[in-house]
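Q:
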Ligand SMILES: *Cc1c(COP(=O)(O)O)cnc(C)c1O
């Protein structure tokens, strides 16, 4: 059975999970060349991040520098990075503070450790904003309840529900004031915009490279500062070369080679971030001008992940033979995909990586569909 996927070739794909992980031609060549199992291990001397051919050693150094941290390692994704930090720092029953816009994997990782989870509330409809001051309040609550500050705090730099960018530096400074180690989840920021960990007072940064660096999965980055490197990257007693928390090796696959190919391109693309945000803002303005459509999350948006509340399309769905699926099919007819089929009351999309021409075409398609109603 041949399994050929042509979503990126045949459509404008709006799926927020996928737009930052879209691969370029060079990355696809690398992927094909390293597709065989363990192919990055030809010249391995026992440590994945020290392999010189392909230059994973240089890659991890450059990643640490790119994120303005001291040390970096490859992981299998953002969730594994979060788990590794939590597992290093927390014992069962210890308190962790996380933002309530966090990804489910943050919660599940903390659950797996047996940590006691405290959530920083957002401001609710319509902005659902995480204010840095709410971290202070939550820390104070933890102190009132347990007598101590939490053992770890996590912030989702940009969340996957509203695309809200939080002022990480302010949260980092509050963490520093309370003596709480600060883990920043940059799944939706690193690789799109510049993220400079030490400027944000982060102790740990996790990256999802298949979400933000234009590579196939599964691969991520875990970066930290000198202060924590030895503890986080402690070695096995029996196997003194092996990072215990990483179970020896992580992304031992084509994904690691692809990240080498992608990094120079990613370093360039983050410079265009302001233009990416402009496109998203323009699109929001146009959509809202259609009437009965509202962008949720902070305004004006600071990210390409957009969540819309769309009574306009929901009312139209009631009149359509295909019901809630009509929007999906109308978009598909126009070469656009990536919105969840059946959803019309609200949906998420991402304009990341689209040219102005494509963003305008995209709005034109929504406008045409809206005017049919
Ligand atoms: C996508 C996402 C993740 C999961 O990333 P993986 O690399 O697949 O583990 C974690 N956190 C946030 C905020 C995400 O958006």
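Numbering (our numbering), first residue to last: 35 to 407. We put the beta carbon where it would ideally sit given N, CA and C, even for glycine.
(1) Leaving out the 5 sequence neighbours to the left and right, which residues in its chain are closer than 6 Å to residue 371 when beta-carbon positions are compared?
(2) Confirm the yes/no value for this check: CB of residue 137, any heavy atom of ligand 1, distance under 6 Å.
(3) Expressed to the nearest angstrom, what Euclidean distance is found between the alpha-carbon atoms of residue 376 and residue 356?
(4) Hey, how far is the Cα of residue 236 from the Cα of residue 390?
(5) Between the region 305-321 and the region 147-163, are three or more C-beta pairs nearer than 8 Å?
(6) Is the separation between the beta-carbon of residue 254 and that of residue 64 shorter than 7 Å?
(7) Which residue's Cα is closest to the Cα of residue 139: 113, 118 and 132?
(8) Using the DSSP secondary-structure output, state which residues sit across from residue 341 in a beta bridge.
(9) Taking 6 Å as the line, does the beta carbon of residue 219 fall inside it for any heavy atom of ligand 1?
(10) Compare the beta carbon distance of residue 385 and residue 342 with 7 Å and say whether it is the shorter of the two.
(11) Check whether the Cβ of residue 113 lies closer than 6 Å to any heavy atom of ligand 1, and answer yes or no.
(12) In chain order, what residues of the same chain lie with their CB nearer than 8 Å to the CB of residue 321, ignoring the 5 residues before and after it?
(13) Count the other C-beta atoms from every protein chain shown that fall within 10 angstroms of the C-beta of residue 90, then say buried if there are 16 or more, exposed otherwise.
(14) Assuming the contact rule is C-beta atoms closer than 8 Å, residue 82 and residue 293 should be a hit. Round their C-beta distance to whole Å, please.
(15) Measuring only from the beta carbon, is residue 190 closer than 6 Å to any heavy atom that is part of ligand 1?
(16) Count the other CB atoms, across all protein chains shown, that sit within 10 Å of the CB of residue 287; report buried if there are 16 or more and exposed otherwise.
(17) I'd like to confirm the pairing. Which residues does DSSP put opposite residue 247 in its beta bridges?
(18) Determine, using beta carbons only, whether residue 54 and residue 245 come nearer to each other than 7 Å.
A: Walking through what the data contain:
(1) 45 and 47
(2) yes
(3) 9 Å
(4) Taking the straight line joining both Cα atoms gives about 34 Å.
(5) no
(6) no
(7) 113
(8) 330 and 382
(9) yes
(10) no
(11) Yes, the beta carbon of residue 113 sits closer than 6 Å to at least one heavy atom of ligand 1.
(12) The residues are 327, 329, 342, 397 and 400.
(13) With 16 or more Cβ atoms within 10 Å of its Cβ, residue 90 is classed as buried.
(14) About 12 Å separates the two Cβ atoms, so there is no contact after all.
(15) yes
(16) buried
(17) DSSP lists no partner for residue 247.
(18) yes
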